[in-house]
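Take a look at the structure set out below.
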Ligand code: CS2
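Numbering (this note's numbering), first residue to last: 193 to 670.
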């Protein structure tokens, strides 16, 4: 990236780095002007505080292949902010031991797919590109995404270039295989030769990524200005914990050792890690998000501070989800999660997590419900979570304050929730049997639907907190 000149005084950019280093802030100590080896689609907070910092570590170690061409799918504001900052942004990493700022330097170029699709295709087809990574959210896995990728791959084939490692880093089950299926279908529409080349030359590892990275708030940007002495429009906060577990399936097999040296876990089968993460972390998140939105607890830290919520989440993980998991250290992962949820520095908005619930729930709850029913485990907490989501869909909290819901199905879901608001059984019939969200089997499981109805009825009569207390009393044998 060509450095912005120092006349951008007051803004984070390359010229500001020496002053930041003098403040003992960790800054990139490597040249940032070469040809990027990674194209990343989805420039959101998560990527910048997770994979981009792994690539930063590799660059810091002198491996110049991990500079990133960062593509925002639609948001021009973020890409333009990063461009004005030479791709630099600060991350505040906070744990119980305190917090520290570091500046990430792996993003060397930025573009917006909606504004300059040809440039994105060109970057995928660039000779220096070895990896394509994605964080485009659950709803991003659509044929248009695959068409964009496949245009780049087609140009690689035409130019006689090698294939890529194409790593989905979204919270989906078998994310690599899902992306591979989409790309192969798109390649097939171009022709069988391209589909064969993609199948034979590109690797689509499954991967599980984990780090809690809330969307930035004005407070975080103000804290960044204070700590850095310059403004940073792309600053973020996160926790110290991070985990990236990736399947050993690379276009260049030697990448396994390279990534492992930077703290990435390379395994033959990601499934046990993925299931533990989606069902324990994300499943608990969505449950707390719905409860918090309805009860008026604005952030996850505040939810988990409520003894009734903490004990609910502990019970959900311990009695219903954990015993189904193959990840052997799940009790330790659970205990770490309870502490991570309580991190006061994160201020993770429940509404941010509740957004797109129709896309998130299928990975987070139904597999656990079905597994528990099969194994004879209880599903009372999961039923409560489902009921809390149905109450959330009405669009206003228990104090009567309305809130916005961002979800591709928001209109349809809110209309159903409001139409049956006074009748728990009718609500569950309308919202608990939607095939796009709930598994077919679950949609017809009368025992499950009856449990959800009971919980929704209790939430309606007693409020979220009252119903939680009652649930716990019931489970305690009263
Ligand atoms: C969250 C995730 O917004 C959400 O849906 O559950 O972004 C979560 O914070 C990450 O997956 C943590 O790794």
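Every residue, glycine too, gets a C-beta built ideally from N, C-alpha and C.
Count the other C-beta atoms from every protein chain shown that fall within 10 angstroms of the C-beta of residue i, then say buried if there are 16 or more, exposed otherwise.
{"i": "residue 591", "result": "exposed"}
{"i": "residue 280", "result": "buried"}
{"i": "residue 559", "result": "buried"}
{"i": "residue 197", "result": "Note that residue 197 scores a pLDDT of 49, beneath 50, so its modelled location is shaky; the value from the coordinates is reported in the next line. Classification for residue 197: exposed."}
{"i": "residue 199", "result": "With a pLDDT of 42 at residue 199, under the threshold of 50, the modelled position of that residue is not reliable, and no figure is offered here."}
{"i": "residue 668", "result": "Bear in mind that the predicted position of residue 668 carries a pLDDT of just 43, short of 50, making it too unreliable to give a figure here."}
{"i": "residue 619", "result": "buried"}
{"i": "residue 593", "result": "exposed"}
{"i": "residue 232", "result": "buried"}
{"i": "residue 633", "result": "exposed"}
{"i": "residue 604", "result": "exposed"}
{"i": "residue 381", "result": "exposed"}
{"i": "residue 670", "result": "Only weak support is given to the placement of residue 670: the predicted model assigns it a pLDDT of 33, under 50, and the question is left unresolved by the model."}
{"i": "residue 210", "result": "exposed"}
{"i": "residue 269", "result": "exposed"}
{"i": "residue 273", "result": "buried"}
{"i": "residue 410", "result": "exposed"}
{"i": "residue 485", "result": "buried"}
{"i": "residue 248", "result": "buried"}
{"i": "residue 610", "result": "exposed"}
{"i": "residue 494", "result": "buried"}
Tell me where the beta strand (DSSP E) around residue i begins and ends.
{"i": "residue 256", "result": "No beta strand (DSSP E) holds residue 256; DSSP gives it neither H nor E."}
{"i": "residue 325", "result": "323–326"}
{"i": "residue 281", "result": "281–287"}
{"i": "residue 359", "result": "357–360"}
{"i": "residue 623", "result": "Looking at the DSSP string, residue 623 is not in any beta strand (DSSP E); the run it does join, the alpha helix (DSSP H), is 616–623."}
{"i": "residue 418", "result": "Here residue 418 belongs to no beta strand (DSSP E); instead the alpha helix (DSSP H) covers 410–420."}
{"i": "residue 233", "result": "230–233"}
{"i": "residue 729", "result": "Residue 729 is absent from the model: the chain starts at 193 and stops at 670."}
What residue does the alpha helix (DSSP H) around residue i start on, and which one ends it?
{"i": "residue 480", "result": "475–487"}
{"i": "residue 543", "result": "542–546"}
{"i": "residue 493", "result": "492–497"}
{"i": "residue 301", "result": "Careful: residue 301 lies outside any alpha helix (DSSP H), inside the beta strand (DSSP E) at 299–304."}
{"i": "residue 341", "result": "335–351"}
{"i": "residue 573", "result": "572–584"}
{"i": "residue 632", "result": "632–635"}
{"i": "residue 392", "result": "384–393"}
{"i": "residue 290", "result": "Unbroken run through residue 290 is the beta strand (DSSP E), 290–296; no alpha helix (DSSP H)."}
{"i": "residue 563", "result": "558–567"}
{"i": "residue 629", "result": "It is not in any alpha helix (DSSP H) - residue 629 carries neither H nor E in the DSSP assignment."}
{"i": "residue 268", "result": "268–276"}
{"i": "residue 529", "result": "522–533"}
Below 6 Å, is the gap between the Cβ of residue i and the nearest heavy atom of ligand 1?
{"i": "residue 402", "result": "yes"}
{"i": "residue 598", "result": "no"}
{"i": "residue 167", "result": "Residue coverage of the chain in this structure runs from 193 to 670, which leaves residue 167 outside it and unanswerable."}
{"i": "residue 477", "result": "yes"}
{"i": "residue 535", "result": "no"}
{"i": "residue 367", "result": "no"}
{"i": "residue 474", "result": "yes"}
{"i": "residue 341", "result": "no"}
{"i": "residue 545", "result": "yes"}
Comparing alpha-carbon positions, which option in the options lies nearest residue i?
{"i": "residue 551", "options": "248, 403, 494, 581", "result": "581"}
{"i": "residue 575", "options": "529, 409, 372, 478", "result": "478"}
{"i": "residue 436", "options": "563, 571, 348, 466", "result": "466"}
{"i": "residue 578", "options": "483, 244, 212, 337", "result": "483"}
{"i": "residue 389", "options": "356, 421, 464, 403", "result": "356"}
{"i": "residue 350", "options": "290, 333, 317", "result": "317"}
{"i": "residue 397", "options": "412, 305, 513, 324", "result": "324"}
{"i": "residue 516", "options": "529, 568, 530, 480", "result": "568"}
{"i": "residue 529", "options": "509, 631, 260, 544", "result": "509"}
{"i": "residue 365", "options": "338, 400, 335, 377", "result": "400"}
{"i": "residue 395", "options": "262, 480, 617, 438", "result": "438"}
{"i": "residue 322", "options": "289, 287, 258", "result": "258"}
{"i": "residue 481", "options": "431, 585, 456, 463", "result": "585"}
{"i": "residue 393", "options": "358, 596, 243, 556", "result": "358"}
{"i": "residue 216", "options": "254, 420, 207", "result": "420"}
{"i": "residue 312", "options": "335, 264, 331, 330", "result": "264"}
Since residue i contacts residue j with CB under 8 Å, what's their CB separation in whole angstroms?
{"i": "residue 643", "j": "residue 571", "result": "7 Å"}
{"i": "residue 405", "j": "residue 237", "result": "5 Å"}
{"i": "residue 554", "j": "residue 629", "result": "6 Å"}
{"i": "residue 302", "j": "residue 284", "result": "Actually they do not touch by this definition, with Cβ atoms about 22 Å apart."}
{"i": "residue 655", "j": "residue 487", "result": "7 Å"}
{"i": "residue 428", "j": "residue 412", "result": "7 Å"}
{"i": "residue 513", "j": "residue 472", "result": "6 Å"}
{"i": "residue 462", "j": "residue 246", "result": "Rounded, the Cβ-Cβ distance is 16 Å, inconsistent with contact."}
{"i": "residue 261", "j": "residue 315", "result": "4 Å"}
{"i": "residue 657", "j": "residue 534", "result": "Going by Cβ atoms, the distance from residue 657 to residue 534 rounds to 18 Å, so no, they are not a contact pair."}
Taking 7 Å as the threshold (beta carbon to beta carbon), is residue i in contact with chain C?
{"i": "residue 330", "result": "The displayed structure is made up of one protein chain only, and chain C is not part of it."}
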